[in-house]
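Per the working numbering, the very first residue in the sequence shown carries number 1161; after that it's consecutive. For every residue, glycine included, the Cβ atom is placed at its ideal position computed from N, Cα and C.
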Amino acid sequence: YWRYHRFDRFDVYFYKNGDSLSRRVARTAEKKITEIENFFGYGLQKRLIFLCYKILSSFRESNIGYDTGNENSNIGGTTQIIDNKIFIYYDGSSEGLEKQITAGITKVLINDMLYSGNYGKRFTNSTLIELSDWYEKGLISYLSEEWSFKIENRIKDGFQSKKFKKINHLTGEDAVYAGHSFWYFIGETYGKDVIPNIIYMTRINKSTDSGFKYVLGLSVKELSPLWKDFYKKRFNEQLSNQNLP
């Protein structure tokens, strides 16, 4: 039996004994919506709906919004978003909860920016905008999670194992971490303020390359060696400062 709290910009749904969690989600969402809108300079076009699950197993068992109850649809570790509905589960940490909320809001807003907030036309427009997996998933990861040893180790492994050699061909977690590293490189090299402009120009020109080219003067292909050199230098400097006991 679901109940909900209604706020100015969003609703938070919860079930038995989930009221406390729903209020935590609401407080975080209120703050993050403002932060993310200010960063992108763009306002959300639709009311958000958060559905809160107390534990991962309940989240996995849910088939809300899906055509079938296929268990493979709901997997742990990723934030599920269907239109303007963001599915949240408590993983035992405030950091994990905040990351899910931030990722959900970011994804909905990016969809709004790229597809004018009209989900009904998304599939038509998506055929005109060629987005590789690393672009959207990596950007969401970059904006929802601070740099950490975990992220750094995954990125270091990606470069050392040469998994990231062709970024446009990556899928799954490889695409997420490669994309995270690419957007981090953009933010550190050119400043985070250029990112909303890149997304806007991607939408206008229906092309990932054009988005980067118009804003930075370089295509993804031209940026790739600079991206790789950025991390090669970073990881080499780390090794030079380490001593074996």
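Residue i - DSSP class collapsed to helix/strand/coil
i: I1364; result: helix
i: D1389; result: helix
i: R1169; result: coil
i: Q1260; result: helix
i: E1290; result: strand
i: G1298; result: helix
i: Y1275; result: helix
i: Y1374; result: helix
i: R1394; result: helix
i: E1305; result: coil
i: K1326; result: coil
i: G1225; result: Unreliable placement is indicated for G1225, whose pLDDT of 49 sits below 50; the coordinate value is still reported in the next sentence. G1225: coil per DSSP, three-state reduction.
i: D1353; result: coil
i: S1379; result: coil
i: S1253; result: coil
Residue nearest to residue i in terms of C-alpha spacing, selected from the options
i: D1293; options: D1389, E1255, V1336, S1304; result: V1336
i: N1177; options: Y1250, L1274, D1369, G1203; result: Y1250
i: D1168; options: K1381, R1207, Y1275; result: R1207
i: W1307; options: W1343, G1201, L1378; result: W1343
i: I1215; options: F1200, L1303, K1297, G1256; result: G1256
i: F1200; options: D1171, I1265, Y1161; result: I1265
i: S1182; options: E1195, N1198, H1165, D1389; result: H1165
i: I1346; options: T1331, Q1320, Y1391; result: Y1391
i: E1258; options: R1187, L1299, L1386; result: R1187
i: E1348; options: D1272, Y1302, I1241; result: Y1302
i: P1356; options: V1172, Y1295, D1243, R1163; result: Y1295
i: L1291; options: E1382, N1198, K1366; result: K1366
i: L1274; options: V1185, A1189, G1203; result: G1203
i: I1270; options: F1309, E1333, E1195, I1300; result: I1300
i: G1371; options: M1361, G1377, F1210; result: M1361
i: K1310; options: K1388, N1244, E1333; result: E1333
i: I1196; options: W1162, K1267, K1316; result: K1267
Beta strand (DSSP E) segment containing residue i, residue limits
i: I1209; result: 1208-1213
i: Q1205; result: Note, Q1205: premise wrong, no beta strand (DSSP E); not H, not E.
i: I1245; result: The question names Ile, but residue 1245 is Lys in the sequence shown. Start and end: 1245-1249.
i: S1241; result: Rather than Ser, the amino acid found at residue 1241 in this sequence is Ile. First-last of the beta strand (DSSP E) with I1241: 1240-1242.
Residue span of the alpha helix (DSSP H) that contains residue i, given as start and end
i: Y1146; result: Only positions 1161 to 1405 of the chain appear in the structure, and residue 1146 is not among them; the question remains open.
i: F1199; result: 1179-1200
i: G1318; result: 1309-1320
Residue(s) in a DSSP beta bridge with residue i
i: R1163; result: F1174
Residue i Cβ short of 6 Å to the ligand SAH heavy atom set
i: L1376; result: What this structure holds is no ligand at all, so the ligand SAH is not there to describe.
Min CB distance residue i to chain B below 7 Å
i: K1191; result: Here there is only one protein chain, and chain B is not present.
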